[in-house]
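J.:
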Amino acid sequence: MPVYCITGVNRGLGLEFIRQIAQDSSNTILATTRANADTSDLKKVVSSNTHILECDVSDKSSVSSSASEAFKHLNGGKIDFLLANAAVNSVPQQTCLDLHADDLHRELDINVIGPANLTSILLEQGLLAENVRIMNMTPGLGSMTRSLGISPRKCAPYSISKAGVNMLTVHQSGVLKEKLGGEYQRDAEGCERLEGKRQWEVLPVRWGGGRMVDLVDPRLCIAEAYRLTIIRIGVQ
239 MPVYCITGVN RGLGLEFIRQ IAQDSSNTIL ATTRANADTS DLKKVVSSNT
289 HILECDVSDK SSVSSSASEA FKHLNGGKID FLLANAAVNS VPQQTCLDLH
339 ADDLHRELDI NVIGPANLTS ILLEQGLLAE NVRIMNMTPG LGSMTRSLGI
389 SPRKCAPYSI SKAGVNMLTV HQSGVLKEKL GGEYQRDAEG CERLEGKRQW
439 EVLPVRWGGG RMVDLVDPRL CIAEAYRLTI IRIGVQ
């Protein structure tokens with residue numbers, strides 16, 4: 239049965255991923271959150287095969303520790319789907335004219351270095367399946383083409399960091415193809431907080447009438463959030 243590892247799952251899109259994927263109790267889920275995160279909503283939707291792990295993706299030692307815990311839970315199994323969802327947009331009002339180095343460094347540490355360390359450490363520890371699907375979640379704000387049409391332009395540290403995630407994914411695709419074999423493809427879908435709701439809802443996007451996880455066959459995907467294009471993973 240498939241093994242999912244999803245970061246940043248205590249709220250938002252990550253929580254919705256868990257809710258949907260946990261509906262099939264045969265799915266094994268490694269759900270990671272920060273040590274001080276409120277997991278009360280998460281605990282309401284998990285299955286008996288969901289393992290909640292503490293992981294600060296900006297801290298390499300924390301990622302290594304959570305990988306060691308994952309190894310114990312998997313009993314020789316490997317991760318089939320890795321969703322690097324954890325991210326921050328801590329200063330959305332900030333523009334390129336009042337950009338603060340500390341804010342940019344923090345966003346880069348979590349949004350770019352985080353998924354880079356996560357993938358490399360899981361690979362080093364032999365936890366990635368040979369045909370693993372890796373999704374680095376990035377928004378339309380990380381797309382230079384789409385950002386040209388956005389006015390006014392804010393969220394500067396976040397946008398810069400997410401553009402970095404796109405390039406990270408390109409580099410990872412080449413390395414993982416060498417390490418694991420297989421083909422690489424990049425696909426853009428996404429998510430958005432729905433107007434007037436304090437939660438994420440993930441709705442179907444049909445590819446040939448099937449499910450995303452059945453039809454996505456790349457080593458790496460970029461899931462790009464843009465307007466009202468929203469994705470559903472794992473559930474018909």
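Every position in the sequence shown, counted from 1, becomes a number in this note's numbering once 238 is added. Built from N, CA and C at the ideal position, the CB exists for glycine as well.
#1: On the DSSP bridge assignment, give the partners of arginine 371 in chain order.
#2: Is alanine 324 near glycine 352, with beta carbons less than 9 Å apart?
#3: Would you identify the three-state DSSP class for histidine 289, choosing helix, strand or coil?
#4: In this structure, what does DSSP give as the bridge partners for threonine 271?
#5: Check isoleucine 388 in the structure and name its three-state DSSP category.
#6: Going by the CB atoms, is the gap between leucine 379 and alanine 308 shorter than 9 Å?
#7: Once DSSP output is grouped into helix, strand and coil, what is the label at glycine 446?
#8: Rounded to a whole number of angstroms, what is the C-alpha to C-alpha distance between glutamine 214 and glycine 246?
#9: With H, G and I counted as helix, E and B as strand and the rest as coil, what does DSSP make of valine 241?
#10: How big is the Cα-Cα spacing for histidine 289 and leucine 312?
T.: In this structure, then:
#1: Position 133 of the sequence shown, counted from the start, is the residue given in the question as residue 371. Looking at the DSSP assignment, arginine 371 forms a beta bridge with Phe319.
#2: The sequence position of residue 324 within the sequence shown is 86, counting from 1. The sequence position of residue 352 within the sequence shown is 114, counting from 1. Yes, the Cβ-Cβ distance between alanine 324 and glycine 352 is below 9 Å.
#3: The sequence position of residue 289 within the sequence shown is 51, counting from 1. Strand at histidine 289.
#4: One-based indexing of the sequence shown puts residue 271 at position 33. The partner list for threonine 271 (beta bridge, DSSP) reads Glu292.
#5: One-based indexing of the sequence shown puts residue 388 at position 150. Reduced to three states, the DSSP call for isoleucine 388 is coil.
#6: Here residue 308 refers to the residue found at position 70 of the sequence shown. Here residue 379 refers to the residue found at position 141 of the sequence shown. Contact flag unset, no.
#7: The count along the sequence shown starts at 1 and reaches residue 446 at position 208. Low confidence applies to glycine 446: its pLDDT is 32, below 50, so where it sits in the model is not reliable enough to give any reading.
#8: No answer is possible for residue 214: it lies beyond the span of the chain, which begins at 239 and ends at 474.
#9: Start at 1 with the first residue of the sequence shown, and residue 241 comes out as number 3. Correct three-state label for valine 241: strand.
#10: Translated into positions along the sequence shown, residue 289 becomes position 51. Translated into positions along the sequence shown, residue 312 becomes position 74. Roughly 10 Å separates the two Cα atoms.
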